[in-house]
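Visitor: Sequence order for the protein chains is A and B. For what it's worth, this note's numbering labels the leading residue of the first sequence as 488, then goes sequentially. For what it's worth, this note's numbering labels the leading residue of the second sequence as 778, then goes sequentially. Note that the Cβ used here is the ideal one computed from N, Cα and C, for glycine as well. On a predicted model such as this, the values are computed, not experimentally measured, just so you know. What follows is a single structure, and I will ask about it in a moment.
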Amino acid sequence: MRRYDFLSGLFLLLLSAGTCIMAYRLGLGDVHNPGPGLIPFGVAALLFLMSMGLSLKSVLKIRNRYQERGVFQGIDWRRVVLVLCVLLGFGIAFDFLGFPICTFLLMILLLGGVGHQKWWFTLVISFLTVFCSYLIFVVWLECPFPKGPFGI
Amino acid sequence: MDIPKYILFGLQVALDPANLFYCFIGVFTGTLIGVLPGIGPVGTMSLLLPATFRISPVGAIIMLAGIYYGAQYGGSTTSILVNIPGEASSVVTCLDGYQMARKGRAGPALGISAIGSFIGGTLAIVGLMFVAYPLAKVALSFGPPEYFALMCVGLVIVTFLTQGSMYKALMMALLGLLLGFVGLDLFTAIPRFTFGINELMDGVGIVPIVMGLFGISEILVNMEQPLERKVYETNIKGLFPTLKDWVVTKWAILRGTLIGFFLGILPGGGAVVSSFVSYAVEKRFSKYPEKFGTGVIEGVAAPETANNAAAQASFIPLLSLGIPPNVVMAVLFGGLLIHGIQPGPLLIQKHPDLFWGVVMSMYVGNIMLLALNLPLIGMWVKVLKVPYTILFPLILLFCLIGVYSINNSVTDIYLMILFGIVGYLMQKLGFEPAPLVLAYVLSPMLETAVRQSLSISGGSFIIFFTRPISLVCMLLFAGLLAIQIYSYIRRKGPIIPA
């Protein structure tokens, strides 16, 4: 965990340093008339100091890094990455493929591709999900979802 | 009008057919998501926020509140029958609840859990009525310095009561504050940290953050493990506890109610902490502490009572001060704002129908929950058997649809995915998301309070130390912060063996 503490501390250090610079550029003003960047600058500076503390402490505490057990070890990354890709694909395709097609594809990929369900079961559940969610969100709640190429 | 008249008025609002329906939908959904591991009340409430746009604010809040306290009832079912907590607040119920089920006493375990939850919840509502109203009256005299000091204390207590590293929790609170600064500056209307993205002008929405950090990240974590789970096959009969069970649990239920109520009011307290504390207290009070963990009924009654009492009590700071004490209340805070209602001490005066209607709906909701959780327990057991491979695509779909329908923008989908990845990494690296969300919600109020205070005092920070309430709060804040920093410096972190 120490190595990961160092890395997360470093990430937050860079993030807070960047925020400090941006907040400074926004204008700090003064205590009588605080500018839009004053409070963010103060908070980012505090985070910068704390991130530095986390990184430094983790560096000092690493006694034997080879004995450290990684929190990411032994993870089946394929499913995690696959789910993220499907979600991202949904976001990219949603505006031009529309709600019903995207929902159908999402269910097919998650049920069949990630959940390894039988193909007929995947098709039936995907179709039912599209049908029910269309009724609830489009017909009943009148959510203005993109219609896609078929205009539905 | 005095309190009895308000109670009658609240009952009138709560018993309105439409509100009764929303209350039922809320507690039913709450029990359902409580039973199902992998989705909690925070994710569900944010998921259903867009669906509440078309209903009245009172109905919406009644429904959202029902989800929260309903989830506390449902969470125990999985803890007892599957040894997997449906909710974080039911983790400790696994210890004795599952052991009771293995000994063929699943019925009394589920029964005492539902009855304890009912008693704890109902008594906490009485407390809520009699504390929130006078507290709101006192809070009317609060100015920006008092609010700033109060929010500082709230944030530091949240990090204090965190289950992981307090230092990391404090860092997350700071990150949450920074996240809350995104968007137009409230005083000058200058865009801050928007990177030219128009959708960020109003700030990052609470729904993508909460759904990402709590919904998507939870599914990503579950993707690492086998997706099948086994329900303990047992005959559930004799749901009503025996006379002996009543005798041994009566004090556990009472203590659970008190602990839940007081910890529920505290920022960061809520249902999770109170369930752990009440279990520990019960073990200490017990004549046979060594038997805890082997199927002792007090080990189920105390935490289940406490988590429900805490769920109801945590409405007090939100409804009387406008300060959400935990993440669920932060989502509810967002819900109130979406419906054009400003949470704060004036809420009870300006919207008595909302306050008293919601409070009285909790009584009704608790009765509904008792009916849902005792005679219909068999139905929830069947729900438990729905494979996770079918559940997770549906949860993801509802997250995507829910987040899109807030602003009809795919930017919110991308933000949710981003926060999902962030939440996943945070879980892996030991950073808790709750302080981040809470700080994010408080951020605009905190900044406004500081800038207004400085304007009032002519740029002097002394204003925070010259007014009695803010002075006490600032001293408390400084003390708690010093304890955290001291304990972090002193603690010798363990080197994890290979």
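Using a Cβ-Cβ distance under 9 Å, would B/Gln-979 count as near chain A?
Guide: By one-based count along the second sequence, residue 979 of chain B stands at place 202. The sequence given here places Asp at residue 979 of chain B; Gln does not occur at that position. By this cut-off, B/Asp-979 is not an interface position.
Visitor: Flag A/Ser-542 as yes if its beta-carbon sits less than 9 Å from any beta-carbon of chain B, otherwise no.
Guide: In the first sequence, residue 542 of chain A corresponds to position 55, counting from 1. No, its Cβ sits nowhere closer than 9 Å to a Cβ of chain B.
Visitor: Quick one: what's got a C-beta closer than 8 Å to B/Val-1160's C-beta in the same chain, skipping five residues either side?
Guide: The sequence position of residue 1160 of chain B within the second sequence is 383, counting from 1. Answer for B/Val-1160: Leu-809, Val-812, Leu-813, listed in chain order.
Visitor: Tell me the DSSP secondary structure of B/Gly-904 in three-state form.
Guide: Taking the second sequence and counting its residues from 1, the one referred to as residue 904 of chain B is at position 127. Looking at B/Gly-904 - three-state DSSP - the assignment turns out to be helix.
Visitor: Check whether chain A comes within 9 Å of B/Pro-1170, counting only Cβ atoms and requiring the distance to be less than that.
Guide: Counted from its first residue, the second sequence places residue 1170 of chain B at position 393. True, the Cβ-Cβ gap to chain A drops below 9 Å.
Visitor: With a Cβ-Cβ cutoff of 9 Å, do B/Tyr-799 and B/Gly-836 count as a contact?
Guide: Taking the first residue of the second sequence as 1, we reach residue 799 of chain B at position 22. Taking the first residue of the second sequence as 1, we reach residue 836 of chain B at position 59. For B/Tyr-799 and B/Gly-836, yes; Cβs fall inside 9 Å.
Visitor: Buried or exposed: which applies to B/Ser-942, given that a residue is buried once 16 or more other Cβ atoms fall within 10 Å of its Cβ?
Guide: Position 165 of the second sequence, counting from 1, holds the residue named residue 942 of chain B. The residue in question, B/Ser-942, is buried, as its Cβ has 16 or more Cβ neighbours within 10 Å.
Visitor: Indicate the three-state DSSP secondary structure (helix, strand or coil) for B/Pro-1101 in the structure shown.
Guide: Working through the second sequence from its first residue, we reach residue 1101 of chain B at position 324. Coil at B/Pro-1101, not helix or strand.
Visitor: With distances taken between CB atoms, is the gap from B/Ala-1078 to B/Gly-893 smaller than 9 Å?
Guide: Residue numbering aside, residue 1078 of chain B sits at position 301 when the second sequence is read from its first letter. Residue numbering aside, residue 893 of chain B sits at position 116 when the second sequence is read from its first letter. Taking 9 Å as the Cβ cut-off, B/Ala-1078 and B/Gly-893 qualify as a contacting pair.
Visitor: On the three-state DSSP scale, how would you describe B/Arg-831?
Guide: Working through the second sequence from its first residue, we reach residue 831 of chain B at position 54. The answer is coil: DSSP assigns B/Arg-831 none of H, G, I, E or B.
Visitor: Give the interface partners of B/Glu-1001 over in chain A, defined as CB-CB distance under 8 Å, in chain order.
Guide: Here residue 1001 of chain B refers to the residue found at position 224 when the second sequence is read from its first residue. The contacting residues are Ile-562, Asp-563, Arg-566, Val-567.
Visitor: Could you check which residue in B/Ser-1091, B/Phe-1175, B/Val-1050, B/Leu-797 has the C-alpha nearest to that of B/Met-1145?
Guide: Walking along the second sequence from the start, residue 1145 of chain B turns up at place 368. Looking at the Cα atoms, B/Leu-797 is the closest of the given residues.
Visitor: With a Cβ-Cβ cutoff of 9 Å, do B/Gln-1261 and B/Leu-947 count as a contact?
Guide: Residue mapping note: residue 1261 of chain B aligns to position 484 of the second sequence, counting from 1. Residue mapping note: residue 947 of chain B aligns to position 170 of the second sequence, counting from 1. Cβ atoms of B/Gln-1261 and B/Leu-947: closer than 9 Å.
Visitor: Report yes or no: is there a C-beta of chain A within less than 9 Å of the C-beta of B/Thr-1166?
Guide: By 1-based counting over the second sequence, the position of residue 1166 of chain B is 389. It does; some Cβ of chain A falls within 9 Å.
Visitor: Here's a check: name, in chain order, each residue in its chain whose Cβ is nearer than 8 Å to the Cβ of A/Tyr-553, leaving out the five neighbours to either side.
Guide: Start at 1 with the first residue of the first sequence, and residue 553 of chain A comes out as number 66. With a pLDDT of 49 at A/Tyr-553, under the threshold of 50, the modelled position of this residue cannot be trusted; read the value that follows with caution. Cβ neighbours of A/Tyr-553 beyond the five flanking positions: none.
Visitor: Give the residues of chain B in contact with A/Ala-504, contact being defined as C-beta atoms less than 7 Å apart.
Guide: Taking the first sequence and counting its residues from 1, the one referred to as residue 504 of chain A is at position 17. Under the 7 Å cutoff, chain B gives no residues; its nearest Cβ is about 12 Å from A/Ala-504.
Visitor: Within the region 911 to 970 of chain B, note down every full alpha helix (DSSP H) run reaching 4 residues or more, in order along the chain.
Guide: List check, alpha helix (DSSP H) in window: 921 to 937, 943 to 957.
Visitor: Return the chain-ordered list of same chain residues with a C-beta closer than 8 Å to the C-beta of B/Leu-841, the five sequence neighbours on each side being excluded.
Guide: In the second sequence, residue 841 of chain B corresponds to position 64, counting from 1. Gly-803, Met-822, Leu-825, Leu-826, Thr-829, Val-1108, Leu-1109, Gly-1112, listed in sequence order.
Visitor: Report the CB separation of B/Gly-749 from B/Leu-990 in whole angstroms; it is logged as a contact under 8 Å.
Guide: Limits of chain B in this structure are 778 at one end and 1275 at the other, which puts residue 749 of chain B out of reach.
Visitor: Restricting to Cα atoms, I'd like to know which of B/Phe-1254, B/Gly-884, B/Gly-1236 is closest to A/Asn-520.
Guide: Position 33 of the first sequence, counting from 1, holds the residue named residue 520 of chain A. The shortest Cα separation from A/Asn-520 among B/Phe-1254, B/Gly-884, B/Gly-1236 belongs to B/Gly-1236.
Visitor: To the nearest angstrom, how far is it from the Cα of B/Pro-1102 to the Cα of A/Val-611?
Guide: Locating residue 1102 of chain B in the second sequence gives position 325, counting from the first residue. Locating residue 611 of chain A in the first sequence gives position 124, counting from the first residue. When rounded, the distance between both Cα atoms is 44 Å.
Visitor: Quick check: is the beta carbon of B/Ser-1247 nearer than 9 Å to any beta carbon in chain A?
Guide: Counted from its first residue, the second sequence places residue 1247 of chain B at position 470. B/Ser-1247 does not count as touching chain A.
Visitor: Would you kindly check if the distance between the Cβ of B/Pro-1170 and the Cβ of A/Leu-598 is under 9 Å?
Guide: Taking the first residue of the first sequence as 1, we reach residue 598 of chain A at position 111. Taking the first residue of the second sequence as 1, we reach residue 1170 of chain B at position 393. Their beta carbons are under 9 Å apart, which means A/Leu-598 touches B/Pro-1170 by this criterion.
Visitor: What separation, rounded to the nearest whole angstrom, lies between the Cα atoms of A/Gly-516 and A/Gly-522?
Guide: Locating residue 516 of chain A in the first sequence gives position 29, counting from the first residue. Locating residue 522 of chain A in the first sequence gives position 35, counting from the first residue. Going from the Cα of A/Gly-516 to the Cα of A/Gly-522 covers about 4 Å.
Visitor: Would you say B/Tyr-910 lies against chain A (beta-carbon separation less than 9 Å)?
Guide: The residue given as residue 910 of chain B occupies position 133 in the second sequence. So no, B/Tyr-910 is outside the interface.
Visitor: Which residues, in chain order, does the region 939 to 969 of chain B contribute to contact with chain A at a C-beta distance below 8 Å?
Guide: Those would be Tyr-944, Lys-945, Leu-947, Met-948, Leu-951, Leu-952, Leu-954, Leu-955, Phe-958, Asp-962, Phe-964, Thr-965, Ile-967, Arg-969, in chain order.
Visitor: Would you list the residues sitting across from A/Gly-516 in a DSSP beta bridge?
Guide: For the purposes of this step, residue 516 of chain A is taken as residue 29 along the first sequence, with counting starting at 1. Answer is A/Pro-521, bridged to A/Gly-516.
Visitor: Measuring CB to CB, does A/Phe-637 end up less than 9 Å from A/Cys-630?
Guide: As a first step, residue 637 of chain A is located in the first sequence; it is residue number 150 there, counting from the start. As a first step, residue 630 of chain A is located in the first sequence; it is residue number 143 there, counting from the start. No; because the gap between Cβ atoms is not below 9 Å, this pair is not in contact.
Visitor: Put B/Arg-882 into one of helix, strand or coil per three-state DSSP.
Guide: Looking up residue 882 of chain B in the second sequence gives position 105. Coil at B/Arg-882, not helix or strand.
Visitor: Helix, strand or coil: which one does DSSP assign to B/Leu-813?
Guide: As a first step, residue 813 of chain B is located in the second sequence; it is residue number 36 there, counting from the start. Note: B/Leu-813 maps to coil in three-state DSSP.
Visitor: Give the residues from the region 589 to 614 of chain A that approach chain B closer than 7 Å (Cβ to any Cβ), ordered along the chain.
Guide: Against chain B - using a Cβ distance shorter than 7 Å - the residues of the region 589 to 614 of chain A are Thr-590, Leu-593, Met-594, Leu-597, Leu-598, Gly-602, Gln-604, Ile-612.
Visitor: Would you kindly work out how many angstroms separate the C-alpha atoms of B/Val-1249 and B/Gly-1117, rounded to a whole number?
Guide: Along the second sequence, one-based indexing puts residue 1249 of chain B at 472. Along the second sequence, one-based indexing puts residue 1117 of chain B at 340. Whole-angstrom Cα-Cα distance: 33 Å.
Visitor: Answer with yes or no whether the minimum CB distance from A/Phe-577 to chain B is below 9 Å.
Guide: Numbered from its first residue, the first sequence carries residue 577 of chain A at position 90. True, the Cβ-Cβ gap to chain B drops below 9 Å.
Visitor: Look at the alpha carbon of A/Arg-566 and the alpha carbon of B/Gln-1204, and state the distance between them as a whole number of angstroms.
Guide: As a working note, residue 566 of chain A is residue 79 in the first sequence. As a working note, residue 1204 of chain B is residue 427 in the second sequence. C-alpha separation (whole angstroms): 17 Å.
Visitor: Where A/Trp-607 and A/Val-601 are concerned, what is the direct C-alpha to C-alpha distance, given to the nearest angstrom?
Guide: Translated into the one-based positions of the first sequence, residue 607 of chain A becomes position 120. Translated into the one-based positions of the first sequence, residue 601 of chain A becomes position 114. Cα to Cα, A/Trp-607 sits roughly 15 Å from A/Val-601.
Visitor: Considering only the alpha carbon of each residue, which of B/Ser-1264, B/Pro-1129, B/Val-869 lies closest to B/Ala-791?
Guide: In the second sequence, residue 791 of chain B corresponds to position 14, counting from 1. Of the candidates B/Ser-1264, B/Pro-1129, B/Val-869, the one whose C-alpha sits nearest the C-alpha of B/Ala-791 is B/Pro-1129.
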